[in-house]
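Asker: Here it is, the structure, as C-alpha cells.
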Amino acid sequence: MEEVIRSLLEPITEELGLDIIRVSLGSGGKSQLLRVIVDRAGGVDSDILARVSRGLSLQLDAEDLIPGAYRLEVTSPGLDYAFENSADFKRYSGEWVKVSFIDGSTLEGRNLGPLESGDAFTLQLEGKRPGDSRDEVISLIEVARVVRAINWKEVSRKK
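Residues 651 to 809 (our numbering) make up the sequence shown, in order.
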C-alpha cells in the first residue's frame, strides 16, 4: 500500500522539488495514520507541507485506497532524523552533523557529502582556531547513527 501511495505522491513532490523520505501507514487508534515525511536541501516550510497534504488528500480521496477513516500527517524530518542512505548525506551536505560510532565515541563536524562508492562520507572537523579544519573520511561500517546537529560555536560567533 505504501508504494501505491508513494506513486501518487511523487508528482506532487517532484513539482515542489522535494524528496520523499518515508511513507508509512499504520494504526492510529480509531483510524489509520498515514505519515509522510518529505524534505529538500534547505528545508521545507509549513506552506509547502500544507500543499503536499492538500494534493495527496485529493489523490487519496479520488482513488479511495484506504478503507475507512484515516489521518494524514505530512511533516519534515527533525534534527534527530538518522541518516539512512547516500541521498541523506547528499541532501544535508554542508550541514553540521553528529556522528555516533559503534564503539560509543562521537564526533561533530560539517557533512561534506557521500563518497561515490556510497559506503563512506567526508566529515570536516574544526580545529581549535576558526578556519583551522581538516577533512576525515568516515566509513559507514563504523557508524551507528548520524543526525543533524547545531554547531554552538558557530552560533555564538554570529552574535
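C-beta: ideal position from N, C-alpha, C; glycine also.
(1) To which residues of the same chain is S750 closer than 6 angstroms at the C-beta, ignoring the five residues directly before and after it?
(2) Could you work out which residue in A719, E804 and V686 is closest to A700 when comparing CA atoms only?
(3) Taking its Cβ as the centre, do 16 or more other Cβ atoms sit within 10 Å of R741, making it buried, or is it exposed?
(4) If you follow the alpha helix (DSSP H) that F739 is part of, which residue opens it and which one closes it?
(5) Taking L668 and V688 to be in contact with their CB atoms under 8 angstroms, please state how far apart those CB atoms are, rounded to whole angstroms.
(6) From D782 to V673, what distance separates their C-alpha atoms?
(7) With DSSP collapsed to three states, give me the class of A770.
(8) Could you name the residues of the same chain whose beta carbon sits closer than 8 angstroms to that of S743, not counting the 5 residues immediately before and after it, in chain order?
Answerer: Let's see:
(1) T756, A794 and R795
(2) V686
(3) buried
(4) S736 to R741
(5) 5 angstroms
(6) 41 angstroms
(7) strand
(8) A691, N761, L762 and G763
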